[in-house]
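Student: First, the structure itself, so that you have it in front of you.
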């Protein structure tokens with residue numbers, strides 16, 4: 540009986556280390572690796588079109604962290620009007636992961652809109668080293684955002700919309716952020 544408990548204990552205590560080794564080796568080529576540069580604290584500025592010929596500038600902060608051994612990414616962005624930084628113009632939170640069974644990125648994004656939140660499930664991909672995500676909006680058409688790390692290590696993002704199914708794109712958003720965490 541004592542031998543049985545010893546073997547059971549040995550199995551239980553050795554299982555986590557074997558599991559940890561499997562996780563560590565699978566992390567080496569994780570589909571989330573192309574997004575790893577986003578983790579950290581960021582600040583910068585940008586502009587967005589809010590109507591015909593109505594370009595507004597803003598200052599932006601982004602907080603990005605990973606969870607579950609880098610397999611889940613949390614992104615929170617807070618934008619304030621450049622001319623009055625007490626006025627919030629954009630506050631959003633997103634969760635990004637990779638669904639290995641489907642071979643697809645999964646992104647659930649939430650945006651505060653004054654009376655609550657708006658939420659979307661966005662389509663997301665990694666294309667040519669950039670994280671591209673988007674959705675269809677019944678009023679605006681197809682919306683897509685492209686985030687990449689530029690040559691200076693900055694977060695560079697543009698937002699575009701298409702009203703004709705993707706044949707023609709119009710840029711309505713751009714921001715550049717510097718990493719502020721050392």
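In the numbering used here, the protein residues as written are 540 to 721.
Backbone N, C-alpha and C define an ideal beta-carbon position, used for all residues, glycine too.
From residue 724 to residue 615, what does the alpha carbon distance come to, in whole angstroms?
Tutor: Residue 724 lies beyond the range of the chain shown here (540 to 721); nothing can be said about it.
Student: With DSSP as the reference, label residue 552 as helix, strand or coil.
Tutor: The count along the chain shown starts at 1 and reaches residue 552 at position 13. Confidence at residue 552 is low in this model, with a pLDDT of 33, below 50, so the placement of that residue is unreliable and no value is reported for it.
Student: Measure the C-alpha to C-alpha separation of residue 601 and residue 695 and round it to an integer number of angstroms.
Tutor: On the chain shown, residue 601 is found 62 positions in, with the first residue counted as 1. On the chain shown, residue 695 is found 156 positions in, with the first residue counted as 1. If you take the alpha carbons of residue 601 and residue 695, they lie about 12 Å apart.
Student: Which complete beta strand (DSSP E) runs does the region 597-684 hold, if anything under 3 residues is left out?
Tutor: Within the region 597-684, the complete beta strand (DSSP E) runs of at least 3 residues are 611-620, 623-638, 643-651, 656-666, 669-676.
Student: To the nearest angstrom, how far is it from the Cα of residue 572 to the Cα of residue 675?
Tutor: By 1-based counting over the chain shown, the position of residue 572 is 33. By 1-based counting over the chain shown, the position of residue 675 is 136. Going from the Cα of residue 572 to the Cα of residue 675 covers about 27 Å.
Student: Can you grab the Cα-Cα spacing for the pair residue 687 / residue 669, in whole Å?
Tutor: On the chain shown, residue 687 is found 148 positions in, with the first residue counted as 1. On the chain shown, residue 669 is found 130 positions in, with the first residue counted as 1. Taking the straight line joining both Cα atoms gives about 5 Å.
Student: Please tell me whether residue 712 and residue 612 are closer than 8 Å, where the distance is taken between their beta carbons.
Tutor: On the chain shown, position 173 is the one that residue 712 refers to. On the chain shown, position 73 is the one that residue 612 refers to. Contact: no.
Student: Taking the CB atoms as reference points, tell me whether residue 647 and residue 657 lie closer together than 8 Å.
Tutor: Numbered from its first residue, the chain shown carries residue 647 at position 108. Numbered from its first residue, the chain shown carries residue 657 at position 118. For residue 647 and residue 657, no; Cβs fall outside 8 Å.
Student: Excluding sequence positions up to five away, which residues of its chain have a Cβ less than 6 Å from the Cβ of residue 628?
Tutor: Within the chain shown, numbered from 1, the residue matching residue 628 stands at position 89. The answer, listed in chain order, is 597, 618, 620.
Student: Exposed or buried, which one is residue 683 when buried takes at least 16 other CB atoms within 10 Å?
Tutor: Taking the first residue of the chain shown as position 1, residue 683 is located at position 144. Buried, by the Cβ-count rule.
Student: Can you grab the Cα-Cα spacing for the pair residue 705 / residue 666, in whole Å?
Tutor: The residue labelled residue 705 in the question sits at position 166 within the chain shown. The residue labelled residue 666 in the question sits at position 127 within the chain shown. Each residue's alpha carbon lies about 16 Å from the other.
Student: Going by DSSP, which residues form a beta bridge with residue 715?
Tutor: Stepping through the chain shown from its first residue, residue 715 is reached at position 176. DSSP, once it has assigned bridges, lists 584, 695 as partnering residue 715.
Student: Please list, in chain order, all residues of the same chain as residue 661 whose beta carbon is under 7 Å from its beta carbon, the five residues on each side excluded.
Tutor: Taking the first residue of the chain shown as 1, we reach residue 661 at position 122. Only 646, 648, 672, 673, 674 meet the Cβ criterion.
Student: Nearest by alpha-carbon distance to residue 636: which of 582, 685, 575 is it?
Tutor: Along the chain shown, read from residue 1 onward, the residue named residue 636 stands at position 97. That would be 575, whose Cα lies nearest to the Cα of residue 636.
Student: Whose C-beta lies closer than 6 Å to the C-beta of residue 564 among residues of the same chain, with five residues either side of it excluded?
Tutor: In the chain shown, counting from the first residue as 1, residue 564 sits at position 25. With a pLDDT of 39 at residue 564, under the threshold of 50, the predicted position of this residue should be treated as unreliable, though the coordinate-derived value follows. Around residue 564: no qualifying Cβ.
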